[in-house]
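Residue numbers (the working numbering), protein chains in the order written: chain F, 645 to 905; chain Z, -12 to 276.
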């Protein structure tokens, strides 16, 4: 700690260091233990609730004590950079992701994936609206356009998700040890309800390809046919069209970008 | 003469802190005599900035029907690291977008410099009352006001420890900051009472010492009595009589300034909260000149 800062700031540093780490750091000199106990409790409890509210499954799967000690450690070492309350869980997720990279801690192997899956629901439910609804990326959407000949326009809240574990099935009764490649899609519908859809690999690949600027469904499906190798093009196109119609019924595909490409 | 600018003049009477639980209840009762005393609502920018979906729609509903006050929690006016000016620019856009005339913040800090990094702690921590701290905080308030191109109001915070390095009392500190920053005062009546018990001073003497011409706004709330000499500012219970008496005394001294009821925990149904809203309105009417 630097000594080049004013006296009152040295006091503030000692004060907050103690709140973050009441076991490892000394209580600020001549400050009442009773008062400091209140701060160390309310500050941690507030943070604990703000983080935990977003991750009910992770909390349950890890168990009360392990979860508590994980959040304790997080609070001790992580400097959160956002003043926005709904981004507090994202800060925690960032911490988890870095933790996973830096060490093979005793944490469950699927924890980061599970937490990401739980957090994405919050992200999508509060994501800023695009306005007006018929314009995406400054292009007008034709809701009745041909889904094969043009590039489909996706709901702007849609997120394509790819996890190494079956995150949507995890519970205290199912704690996966084996990896299961899991592809999902999440979006917010017009009633502001967040929905998840499980995807098969072809659907995932199709949507992934259609994210590229100017890609029509027909071209994407042709590429997929080449990638698979052993299916006739008509079959893949027929399958692709069914998928796109279904996605449109659900509100994932809103229409197509109007201009022929 | 009041320092209150014309911009804040649509904030009048009684307001209610807008909690998610209350939103559908207010929407359902809108237009009814039963909630006529809610004149404005208060929101925290940290909860509403850049939000989309259902919440954005709700916010639009309120903006069309009520004047809004922004009451911040994380600006960290007393913090160590540089003021978060990117956040303040967001707040500025938000105030403009929703035509919000008043932005208030706490005379406290909510960030640290632990391990050399600024981190948000999401709580209100007590600034030690020293000359250096006065200059530091006042400079940051001025910086905030420069960025927003408007005056802000600072709220007297509640706290639970006295800094041994403090060289002045709370009232002297508040007055010095107000003077040096040339900002408004957001007087929290409950915080004043809570501190008077926690630090054993006379709340009435404190009240009389406040520069009333700077008051533009106030808060009323309940607290939790943990011990005879220790109150916790929970906003989770009914307002107690000594706090009501202080509000009446403040109105008598300074006139009935706009007052918001805060209820953040253990939130009862709206009709129950309206008893307190109505009571504030009654007291205001008694002291309207």
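We treat Cβ as the ideally placed atom computed from N, Cα and C, and that holds for glycine.
The way I'd put it, the segment 687 to 699 of chain F doesn't touch the segment 217 to 231 of chain Z; fewer than three beta-carbon pairs between them come closer than 8 angstroms. Rounded to the nearest whole angstrom, the C-alpha separation of residue 899 of chain F and residue 852 of chain F is 17 angstroms. By the criterion of at least three beta-carbon pairs nearer than 8 angstroms, the segment 655 to 664 of chain F is in contact with the segment 674 to 684 of chain F.
Straight-line measurement puts the Cα of residue 728 of chain F at about 10 angstroms from the Cα of residue 62 of chain Z. Residues of the segment 176 to 191 of chain Z with a C-beta atom less than 9 angstroms from some C-beta of chain F are 185, listed in chain order. DSSP places residue 275 of chain Z outside any alpha helix (DSSP H), giving it a letter other than H or E. Taking C-alpha positions only, residue 704 of chain F is separated from residue 766 of chain F by approximately 18 angstroms. No Cβ-Cβ contact shorter than 7 angstroms links residue 252 of chain Z with residue 210 of chain Z. The beta carbon of residue 83 of chain Z sits closer than 8 angstroms to none of the beta carbons in its chain outside the five residues before and after it. Taking a C-beta cut-off of 7 angstroms against chain F, the contacting residues of the segment 113 to 127 of chain Z are 115, 117, 119, 120, listed in chain order. When only Cα atoms are considered, residue 742 of chain F and residue 722 of chain F end up about 11 angstroms apart. In the assembly as shown, residue 120 of chain Z is a buried residue. Its beta-carbon has 16 or more other beta-carbons within 10 Å.
For the set Z:135, Z:70, Z:144, the Cα lying nearest the Cα of residue 112 of chain Z is the one of Z:144. Annotated three-state conformation of residue 771 of chain F is coil, per DSSP.
Contact check for residue 106 of chain Z against residue 710 of chain F fails: the beta carbons are separated by 7 angstroms or more. Less than 7 angstroms separates the beta-carbon of residue 247 of chain Z from that of residue 2 of chain Z. When DSSP states are grouped into helix, strand and coil, residue 806 of chain F belongs to the strand group. Looking from the CA of residue 736 of chain F, the closest CA among F:750, F:716, F:753 belongs to F:716. For residue 148 of chain Z, the chain F residues whose C-beta falls within less than 9 angstroms of its own C-beta are 659, 672, 675, 676, 678, 679, 680, 682, 683, listed in chain order. Every unbroken stretch of the alpha helix (DSSP H) spanning 4 or more residues and falling wholly within the segment 825 to 866 of chain F is given here in chain order: 845 to 854.
The Cβ atoms of residue 844 of chain F and residue 895 of chain F lie no closer than 7 angstroms to each other. It is roughly 28 angstroms from the alpha-carbon of residue 6 of chain Z to the alpha-carbon of residue 236 of chain Z. Only those residues of the segment 33 to 57 of chain Z whose C-beta falls short of 9 angstroms from the nearest C-beta of chain F are listed: 33, 34, 36, 37, 38, 39, 40, 41, 42, 43, 44.
Pairing residue 148 of chain Z with residue 184 of chain Z, the inter-Cα distance amounts to about 12 angstroms.
Between residue 98 of chain Z and residue 204 of chain Z, the gap from beta carbon to beta carbon reaches 7 angstroms or more.
DSSP places residue 110 of chain Z within a strand segment (E or B) once states are collapsed to three. The beta carbon of residue 724 of chain F sits closer than 7 angstroms to some beta carbon of chain Z. In the three-state scheme derived from DSSP, where H, G and I count as helix and E and B as strand, residue 224 of chain Z is classed as coil. Counting of Cβ neighbours within 10 angstroms places residue 123 of chain Z among the buried residues, the total reaching 16 or more. Under the three-state reduction of DSSP, residue 247 of chain Z is assigned to strand. Secondary structure at residue 195 of chain Z: helix, using DSSP grouped into helix, strand and coil. Between the alpha carbons of residue 76 of chain Z and residue 829 of chain F lies a distance of about 34 angstroms. The residue among F:663, F:822, F:807 with its C-alpha nearest the C-alpha of residue 691 of chain F is F:663. Residues of chain Z with a Cβ closer than 8 angstroms to the Cβ of residue 773 of chain F are, in chain order, 39, 40, 43.
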